[in-house]
Every structure is written in structure tokens, then in C-alpha cells.
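Student: Quick one: this structure, given as C-alpha cells, is what I'll be asking you about.
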Amino acid sequence: MGFGQGLSGLNAASQNLDVIGNNIANSGTVGFKSGNVSFADVYANSRVGLGVKVSGINQRFTVGNVATTGGEYDIAIDGAKGFFRLTDQAGGVFYSRNGEFLLDKDFFIVNQMGMRLTGYPAGSIGAAPVELAVPQGNIAPVATTTVGVTTNLNANATPIDPVGSPAVPETLGVLNFDDGTGAANHNFRQDAGGAIVFLDGAGATDTALNGTFTSGGDTFTVTNGVVTAGTFTPGTAYVAPVAAVAPKPFDATDRTTYTDQVPTTVYDSLGNAHEMVQYFVKRPSAAGESVYDVYYTLDGNAMTVGTAADDHATLTFNASGALQTTPPNYTVNFGNPGGTTSPADPLAITVGYTGVTQFGSDFSPKLTPNGYASGEFLGIEIAADGSVTAQYSNGQNQVVGVIALANFNNVQGLQPVGNNAWQETNASGQPLLGQPGTNSLSSLVGQSLEQSNVNLSNELVNMIIAQRTYQANTQTIKTQDEVLQVLLNI
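Numbering (full-length UniProt numbering), first residue to last: 1 to 490.
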């Protein structure tokens, strides 16, 4: 036995204690991966070993616990596969599991060392990675161009006659001259006071006649049976036509001229809100079909339909309640909805009726318009797939980029460079980039951080073992010294 074995044991145990101490020191470091010392024995030509050596110091890339922080730009990688890709000001590329990010003065997403997080531009997954930034400005307004309508028009609704239909007679009164057994026994007479009265059956009381009648150019007015204008000639027959009522035209202010109506908010090119109302008017049915006319107003003013500038659209249904109109949409127009106060581009809105039916149930409208007003930036949301979505006060969301994750064929080949970062080497291989949650890459958790994967209990036990190993090797050296001292004393 020589001093070499003991010295090698001291060196190995010392390095092991260094690694254990580093693990314990970084037990609170976000995204830290603990180290582990591997040992190998040393042999010469003889069977007696020459001691021990450190064959390598590996990192355990196991997953740490994911803890919710509430930080808007905190991001955790929820799984073992994947690293954030970062760039520094010199263009160097680094990889990290630490997701403590914030915004710098130029609105780039950076870590605590100022390295910028990279990813894909919105809508360009798979393109060359770029440094991700979050615009802080307002989102511009978008004018409404489409409105989808899903509803049922009640098949049991009463039709409304259109203008131009035959007039409907007004019924002034009905006399039934039939007692079922004999003579009707109805009499008209002029009483002593000049009043025209009629009696219904024997012993009936007199009933006065009222009204204005025109016949053959003669007009008679009867008030309580007394002719107050015009003169009857005894024995002359007078026939008075009954007045007729013409159908009313559609009037948005007259509830009797439409069957149902539904409002929706639309936006012009400046983001100003306007109320567009659709009025559904059921028309009398032809054989085997049913028809609804649809009128439109914007802020109470009539809109035109199609290039011919019609005043209404028409929806036709078959006997099964299915829409027969082809195509099932109409374009309604309104010029400069803002007027001289807030002039905007003319509105041209395509209203789609694909989801409209006519069954025997209530009117149940659901409208899905596009377009919106301008909105102020409120913050961001990180999705599991890496999408960075900006949120605005008008309820709109906009993806501004997608975080890219990198993985390596040999993560043990990565070179630690401090500051919770690694760099690629020949041993690690080139990075394999992709969107989180794809190609076996882990997904992300927003407003969360991955904690260190150091197990303090295990590390304390390992430290005790390493300490005992160190002490034992000092005892080996001490024993060798005592043996040499015996030889010197011979």
C-alpha cells in the first residue's frame, strides 16, 4: 500500500463534496439541475489498484417541481425535454431551463442577465427563430364585414301581407236572417222621429243604425238611426260599398309591420360602434314554401341590399323548414356611417343565413359578427403550446409570437457556462428546435417556474458519506505513514 491510493481517495472525496455543496447551494435556484460525481478505479500492471479517480461529473436533467408564481412573464417547462433558446447582445446562443423572464426597455422578453428569449414569428412556426418582443401599443380597430346568423324563425307566426296585395274589406256588421223555422221576421222602418231602426224578431226592441253610406253619387250619414245628411227616396234601393284597408308598408317604428327583429353591434373603419337591426317579416306562403323578407337598419336608418340597392333580402324555406335561398347570404350596405362628425369608410356587411331554419318553435337568434373597436394593451398570456398572446381592453387577443424550445440528442454533452445556462458542443449535437408540445418536446406553463431538482435530504446523506470517505482516506495515509516510520526505526 502506498500513499497514492489515499491521496487519490482524498481528491475524489473532495470533488464529491464540492459537487454536493454546489447542489445544496443551488437548491433554491430556478431551473437548476443537480450534479453527480462518477468514480472509476485506477489499475497498474499489477492486480493491486492504484486508487480512484473522478471519471466524470454529470448533471441530472430530471424535472423539478412546477410552482405557480403569478408572474406575468414567468414560464415553466413542464417536462424533461426542452430548453429555452436565448441570445446575448453579442449574438451568442445559450440554452436554459430558468423561465424567470421580464420585459426590457425595448419590450423584448429577457432573462435576469439580459439575454433575449427567441421563438417563431406569429403564423410562421418552423421559420428561423427571432428574438421575441411584445408590442405595447393599442390594437387598431377592424370594421365589421360579416355577420353570421343562427336562429329559428317560428313557422307558426302569422304572415304579414306585403304592400300591393289586394285590399282587405272592413266588416261593418253581419245580419243573419234565419230563425231556423220560418220567416226571418227582420224589419226596417223609419220611426216618427225620422230615425231608421231595425227589429230582430217579434217583440224585439228597436236598434238604431249608424254610419255613412255612398251609393250612386248619393251620400247618407246616419247617426243613431237619424239621417243627418242626404235624403232617402222611398222605394229606392241604395247599395253602399264597404271600405277596404290596404296592407301597411314595412316601418321599423311600427311593430305590426314585422314579425321579429334582432339587433347587433357592428363597427366602422374608425372603430365606432353602430347598431344594425335585422327585421324579419313573414309573408303569406305559396304552395310548399314559406318566405321571409328581411329589412336592415343602421342606427335607425335604412340599409340597402346588394348591388341593386334593394330595400330588403328574401329567405325562402321549403315545407321541411330548410333554407332554400342560394347562396344563403346577402351583402348590406351603408355609406359613411359616421357622417360629417366622424367620417368613416362605407360599410359593406355580408350577412350569412346558413344556420337559419323555420320550425314550429320560438325565435332564438344568435349572431356572430366580426370587427371590433380599438383596444388598449393589458398584458400577455403564455399558452401550453408556447403561444405568446397579447390581451386588449376590447376583449380581443392577438398572438405576437411562439416560444421555441430546443432539445439535444445528448444533453450530458452540453457545456455549463453559469447563469443557469448551457451552450452546445460537439458532444451534445446540434439543437433540435420546435414548438412546445410537438415532436416529444415538453409543454409550457405560464405564470409558473420550474424549481431546482435538488433533493436536500439525499444531498445531506451524500455529504455525510463523502465526509466519512474523506476521513477514511486520511486514515489510510496515516497508516501508511506509520508503516514507513516502523521501517525507518529498524
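Think of the CB as a built atom: it goes at the ideal place given N, C-alpha and C, for glycine as much as any other residue.
Closer than 6 Å by C-beta to G386: which residues in its own chain qualify, once you throw out the five before and the five after it? Chain order, please.
Tutor: V402, I403, Q435, P436 and L444
Student: DSSP on Q475, reduced to helix/strand/coil?
Tutor: helix
Student: Over what stretch of residues does the alpha helix (DSSP H) that includes V19 continue unbroken?
Tutor: Here the alpha helix (DSSP H) through V19 covers F3 to A25.
Student: Tell me, which residues are paired with P263 by DSSP?
Tutor: P263 pairs with V277.
Student: Count the other C-beta atoms from every protein chain shown that fall within 10 angstroms of the C-beta of G371, then say buried if there are 16 or more, exposed otherwise.
Tutor: buried
Student: Within the same chain, show all residues whose beta-carbon is closer than 6 Å to that of A406, passing over the 5 residues directly before and after it, in chain order.
Tutor: Cβ within range, chain order: F83, R85, Y95, P431 and L433.
Student: Which runs of the beta strand (DSSP E) at least 3 residues long sit entirely within the stretch 40-102? Give them in chain order.
Tutor: 49-59, 66-68, 75-78, 83-87 and 93-96
Student: Which residues share a DSSP beta bridge with K282?
Tutor: Under the DSSP definition of a beta bridge, K282 partners with Y292.
Student: Quick check: the Cα distance between Y296 and A309, rounded to an integer number of angstroms?
Tutor: So the two alpha carbons sit approximately 12 Å from each other.
Student: Grouping DSSP H, G and I as helix and E and B as strand, with all else coil, what is F177?
Tutor: In this prediction, F177 has a pLDDT of 48, which is less than 50 and means its spatial position is unreliable; nothing more can be read from the coordinates.
Student: Give me the Cα-Cα distance between P369 and T264, rounded to the nearest whole angstrom.
Tutor: Distance between the alpha carbons of P369 and T264 is about 8 Å.
Student: Give me, in chain order, the residues of the same chain whose beta-carbon lies closer than 6 Å to that of E72; leave out the 5 immediate sequence neighbours on both sides.
Tutor: G379
Student: Which residues mark the beginning and the end of the beta strand (DSSP E) in which K366 is found?
Tutor: Counting along the chain, the beta strand (DSSP E) containing K366 begins and ends at K366 to P369.
Student: Which two residues bound the contiguous beta strand (DSSP E) that contains L405?
Tutor: Per DSSP, the continuous beta strand (DSSP E) segment holding L405 begins and ends at L405 to N407.
Student: Just checking my contact of D268 with L347 at CB under 8 Å: how many whole Å lie between their CB atoms?
Tutor: Between L347 and D268 the Cβ distance is about 6 Å, and since that is below 8 Å, they are a contact.
Student: Should Y392 and F377 be called a contact, given that it needs their Cβ atoms to be closer than 8 Å?
Tutor: yes
Student: Who are S448's beta bridge partners in DSSP?
Tutor: T68
Student: In the DSSP output, which residue or residues are listed as bridge partners for P416?
Tutor: W422
Student: T469 to V486, Cα distance in whole Å?
Tutor: 26 Å
Student: Relative to the alpha-carbon of A157, which residue among V388, G360 and A373 has its alpha-carbon at the smallest distance?
Tutor: Of the candidates V388, G360 and A373, the one whose C-alpha sits nearest the C-alpha of A157 is G360.
Student: Comparing C-alpha positions only, which one of A76, V400, N473 and L153 sits nearest to Y353?
Tutor: L153
Student: Can you tell which of N22, A313, D345 and T228 has the C-alpha that lies nearest to the C-alpha of V142?
Tutor: D345
Student: Taking the alpha-carbon of D74 as reference, which of Q451, E459, N489 and I464 has the nearest alpha-carbon?
Tutor: Q451
Student: For Q396, is the beta carbon positioned less than 7 Å from some heavy atom of the ligand GDP?
Tutor: With respect to small molecules bound, the structure shown includes none, and the ligand GDP cannot be examined in it.
Student: Are K282 and I139 close, meaning C-beta to C-beta below 8 Å?
Tutor: No. Outside cutoff.
Student: Since I believe G51 is in contact with Q5 (beta carbons under 8 Å), could you give me their beta-carbon distance rounded to a whole number of angstroms?
Tutor: 4 Å
Student: Per DSSP, what kind of secondary structure is L172 in: helix, strand or coil?
Tutor: Residue placement at L172 is poorly supported in this model, since its pLDDT is 45, which falls under 50; the coordinates still yield a value, given next. If DSSP states are grouped into helix, strand and coil, L172 belongs with coil.
Student: Would T476 pass as a contact of G9 if the rule is Cβ separation under 8 Å?
Tutor: yes
Student: Just to confirm before moving on: does the CB-CB distance between G413 and A390 stay below 8 Å?
Tutor: Against a cut-off of 8 Å, the Cβ pair of A390 and G413 comes out as no contact.
Student: What is the DSSP secondary structure of N301, counted as helix, strand or coil?
Tutor: strand
Student: May I have the straight-line CA-CA distance separating Y258 from N336, to the nearest angstrom?
Tutor: The alpha-carbon atoms of Y258 and N336 are separated by roughly 27 Å.
Student: Indicate the three-state DSSP secondary structure (helix, strand or coil) for Q430 in the structure shown.
Tutor: coil
Student: Is DSSP giving V486 helix, strand or coil here?
Tutor: helix
Student: Which one of F3, S14 and N22 has the shortest CA to CA distance from E459?
Tutor: Checked all of F3, S14 and N22; the closest Cα to E459 is N22.
Student: Leaving out five residues on either side along the sequence, give the residues of the same chain with a beta carbon under 6 Å from the beta carbon of F363.
Tutor: N154 and D260
Student: Within 10 angstroms of its Cβ, does L172 collect 16 or more other Cβ (buried), or is it exposed?
Tutor: Here the model assigns L172 a pLDDT of 45, short of 50, so the residue's position is not dependable, and the following value carries that caveat. L172 should be labelled exposed.
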